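Engineer: In the UniProt record's numbering, the protein residues as written are 1 to 313. Cβ coordinates follow ideal geometry from the N, Cα and C atoms, glycine included. Note that this is a predicted model, so its numbers are computed, not measured. Provided herewith is a single structure, encoded as structure tokens, for subsequent inquiry.
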């Protein structure tokens with residue numbers, strides 16, 4: 001996306017056997033002015049519109065976006081309503097599951113405190129271990145011995161720690177293309193795989209809310225108020241609060257974690273901006289594939305209710 005990784009990404013994909021790699025010409029060359037986007041982050045609404053338009057026109061198998069320094073990777077897929085970008089957690093669990101198909105028994109996968117809980121359920125079901133760290137790959141890369149995959153919800157992926165012990169968009173792009181090719185060969189899509197995981201582990205719906213405040217100190221004050229008088233109920237569900245500032249060791253951080261039977265909410269001040277960051281997730285059980293639409297609708301409704309709670313902070 002107007003960055004430095006385009007030529008290397010194309011070369012890596014073609015070297016891996018993917019001969020038909022098409023690029024968004026308007027965004028391929030490095031340009032520090034980032035003329036086609038308001039902000040050069042594939043996560044931003046609208047930033048990947050040109051990519052998705054191209055994918056639609058050429059009937060692509062997968063759409064791949066790298067950020068300007070090519071250390072993060074986002075994926076686009078064709079859905080019932082047209083092409084859309086996957087959330088970081090969706091990509092994370094897809095790649096994690098793919099890695100674990102060929103990983104040695106008792107391998108380790110890891111993600112962060114603000115990412116989806118789905119990986120923590122998938123890992124033991126695949127004979128792997130699971131670790132959780134604070135945000136950032138300085139922590140994820142040190143998650144433990146036997147690490148084979150790590151990701152964070154902000155579209156960072158470490159898909160081959162033995163070769164690149166950090167987030168890397170290009171190796172993630174190659175792995176994603178390999179996954180898409182194998183799934184296509186089976187007559188299926190990446191969304192089908194996500195549905196399989198939902199049936200196996202329940203629907204996991206997530207979102208992020210960033211609340212801009214007048215200054216950094218006010219964001220810290222909101223967290224202090226919640227710490228002093230933590231809510232016992234969110235979206236009509238009883239919750240317990242974990243104050244991570246009271247933990248010892250590497251997991252100590254300025255964040256509050258609220259958890260209930262079907263929800264999880266992490267709240268922390270930005271630290272660099274006058275923002276309060278809220279990471280939302282809700283879970284809905286699924287009996288079988290026929291129950292997926294209702295479970296997804298229920299999860300979306302719950303997510304909306306949790307979002308309203310955050311917006312009133």
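Tell me where the alpha helix (DSSP H) around residue 223 begins and ends.
Structural biologist: For the purposes of this step, residue 223 is taken as the residue at position 223 of the chain shown. Run containing residue 223: 216–228, per the alpha helix (DSSP H) assignment.
Engineer: Taking DSSP as the reference, what is the three-state secondary structure of residue 247?
Structural biologist: Position 247 of the chain shown holds residue 247. Here residue 247 sits in coil by DSSP.
Engineer: Could you check if residue 280 is buried or exposed, using at least 16 other CB atoms within 10 Å of its CB as the buried criterion?
Structural biologist: Along the chain shown, one-based indexing puts residue 280 at 280. So residue 280 ends up on the buried side.
Engineer: Which residue comes first and which comes last in the alpha helix (DSSP H) that contains residue 101?
Structural biologist: Looking up residue 101 in the chain shown gives position 101. Element bounds for residue 101: 88–102.
Engineer: Which runs of the beta strand (DSSP E) spanning at least 3 residues fall entirely within the segment 106–160, listed in chain order?
Structural biologist: The qualifying runs are 108–112, 129–133, 147–152, 156–158.
Engineer: If you measure between the beta carbons of residue 65 and residue 76, is that distance less than 8 Å?
Structural biologist: One-based indexing of the chain shown puts residue 65 at position 65. One-based indexing of the chain shown puts residue 76 at position 76. Yes, the Cβ-Cβ distance between residue 65 and residue 76 is below 8 Å.
Engineer: For residue 54, I'd like the list of residues in its chain whose CB is within less than 6 Å of its CB, leaving aside the five on either flank, ordered along the chain.
Structural biologist: In the chain shown, the residue the question calls residue 54 occupies position 54. Around residue 54: 24.
Engineer: Give every residue of the same chain whose Cβ lies closer than 8 Å to the Cβ of residue 22, excluding the five residues on either side of it in the sequence, and list them in chain order.
Structural biologist: Numbered from its first residue, the chain shown carries residue 22 at position 22. Excluding sequence neighbours, residue 22 sits near 54, 58, 60.
Engineer: By the DSSP assignment, the beta strand (DSSP E) with residue 207 in it spans what residues?
Structural biologist: As a first step, residue 207 is located in the chain shown; it is residue number 207 there, counting from the start. Per DSSP, residue 207 belongs to the beta strand (DSSP E) from 203–212.
Engineer: Within a Cβ cutoff of 8 Å, which residues of the same chain sit near residue 183, ignoring the five residues on either side of it in sequence?
Structural biologist: Within the chain shown, the letter at position 183 stands for residue 183. So the list reads 189, 190, 192, 193, once near-sequence residues are dropped.
Engineer: So the candidates are 98, 293, 43; which of them puts its Cα closest to the Cα of residue 148?
Structural biologist: Here residue 148 refers to the residue found at position 148 of the chain shown. Minimum Cα distance to residue 148 is reached at 98.
Engineer: So who's on the other strand from residue 296, going by DSSP bridges?
Structural biologist: Residue mapping note: residue 296 aligns to position 296 of the chain shown, counting from 1. Answer is none; residue 296 lacks a bridge partner.
Engineer: If you run the structure through DSSP and keep just helix, strand and coil, what is residue 170?
Structural biologist: Sequence index remark: in the chain shown, residue 170 carries index 170 (1-based). Of the three classes helix, strand and coil, the one that applies to residue 170 here is helix, per DSSP.
Engineer: Taking C-beta to C-beta, are residue 63 and residue 51 nearer than 8 Å?
Structural biologist: Taking the chain shown and counting its residues from 1, one reaches residue 63 at position 63. Taking the chain shown and counting its residues from 1, one reaches residue 51 at position 51. Against a cut-off of 8 Å, the Cβ pair of residue 51 and residue 63 comes out as a contact.
Engineer: Tell me, please, whether the segment 82–89 touches the segment 144–163 by the rule of three or more beta-carbon pairs shorter than 8 Å.
Structural biologist: The segment 82–89 vs the segment 144–163: in contact.
Engineer: Quick check: the segment 231–246 against the segment 169–184, are there 3 or more CB pairs under 8 Å?
Structural biologist: Because the criterion of three Cβ pairs below 8 Å is not met, the segment 231–246 and the segment 169–184 do not touch.
Engineer: Since residue 28 is in the beta strand (DSSP E), which residue starts that stretch and which ends it?
Structural biologist: Here residue 28 corresponds to residue number 28 of the chain shown, with the count starting at 1. That residue, residue 28, is in no beta strand (DSSP E); its alpha helix (DSSP H) goes 25–28.
Engineer: Three or more beta-carbon pairs under 8 Å between the segment 220–235 and the segment 121–130, yes or no?
Structural biologist: With a cut-off of 8 Å, the segment 121–130 and the segment 220–235 do not count as touching, because too few Cβ pairs lie within range.
Engineer: Go ahead and pull the three-state DSSP assignment for residue 199.
Structural biologist: Residue mapping note: residue 199 aligns to position 199 of the chain shown, counting from 1. It is helical.
Engineer: Does the separation of the CB atoms of residue 16 and residue 174 fall below 8 Å?
Structural biologist: Within the chain shown, numbered from 1, the residue matching residue 16 stands at position 16. Within the chain shown, numbered from 1, the residue matching residue 174 stands at position 174. Yes, they are a contact pair.
Engineer: Spatial neighbours of residue 269 within its chain, please: C-beta separation below 8 Å, excluding the five flanking residues on both sides.
Structural biologist: Stepping through the chain shown from its first residue, residue 269 is reached at position 269. Hits under 8 Å: 216, 219, 220, 222, 223, 254, 275, 276, 277.
Engineer: Among 267, 163, 273, whose alpha-carbon lies nearest the alpha-carbon of residue 208?
Structural biologist: Reading the chain shown from its first residue, position 208 is the one you call residue 208. For the residues 267, 163, 273, the minimum Cα distance to residue 208 belongs to 267.
Engineer: So residue 14 is in the alpha helix (DSSP H); what residue range does that whole segment cover?
Structural biologist: Taking the first residue of the chain shown as position 1, residue 14 is located at position 14. Its alpha helix (DSSP H) spans residues 6–15.
Engineer: So, helix, strand or coil for residue 20, using DSSP?
Structural biologist: Here residue 20 corresponds to residue number 20 of the chain shown, with the count starting at 1. DSSP places residue 20 in coil when its eight states are reduced to three.
Engineer: Excluding sequence positions up to five away, which residues of its chain have a Cβ less than 7 Å from the Cβ of residue 160?
Structural biologist: Within the chain shown, the letter at position 160 stands for residue 160. 171.
Engineer: Give me the DSSP bridge partner(s) of residue 237.
Structural biologist: Mapped onto the chain shown, residue 237 falls at position 237. Looking at the DSSP assignment, residue 237 forms a beta bridge with 234.
Engineer: Apart from the five residues just before and just after residue 139, which ones in its own chain have a Cβ nearer than 8 Å to its Cβ?
Structural biologist: In the chain shown, counting from the first residue as 1, residue 139 sits at position 139. Counting only Cβ-Cβ distances below 8 Å, and skipping sequence neighbours, we find 112, 133, 250.
Engineer: From which residue to which residue does the alpha helix (DSSP H) around residue 57 run?
Structural biologist: Counting from one through the chain shown, the residue named residue 57 turns up at place 57. Here the alpha helix (DSSP H) through residue 57 covers 49–58.
Engineer: Candidates 166, 117, 307: which alpha carbon is nearest residue 210's?
Structural biologist: Residue 210 sits at position 210 when you count from the first residue of the chain shown. Of the listed residues, the one whose Cα sits closest to residue 210 is 307.
Engineer: When burial is assigned at 16 or more other CB atoms within 10 Å of the CB, is residue 252 buried or exposed?
Structural biologist: Counting from 1 along the chain shown, the entry for residue 252 is found at position 252. Counting Cβ neighbours within 10 Å, residue 252 comes out exposed, since fewer than 16 surround it.
Engineer: Residues bridged to residue 267 by DSSP?
Structural biologist: Position 267 of the chain shown, counted from the start, is the residue given in the question as residue 267. 256, 278.
Engineer: Any idea if residue 93 is buried or exposed, counting beta-carbon neighbours within 10 angstroms, 16 or more meaning buried?
Structural biologist: Sequence index remark: in the chain shown, residue 93 carries index 93 (1-based). Answer is buried; the Cβ neighbour count reaches 16.
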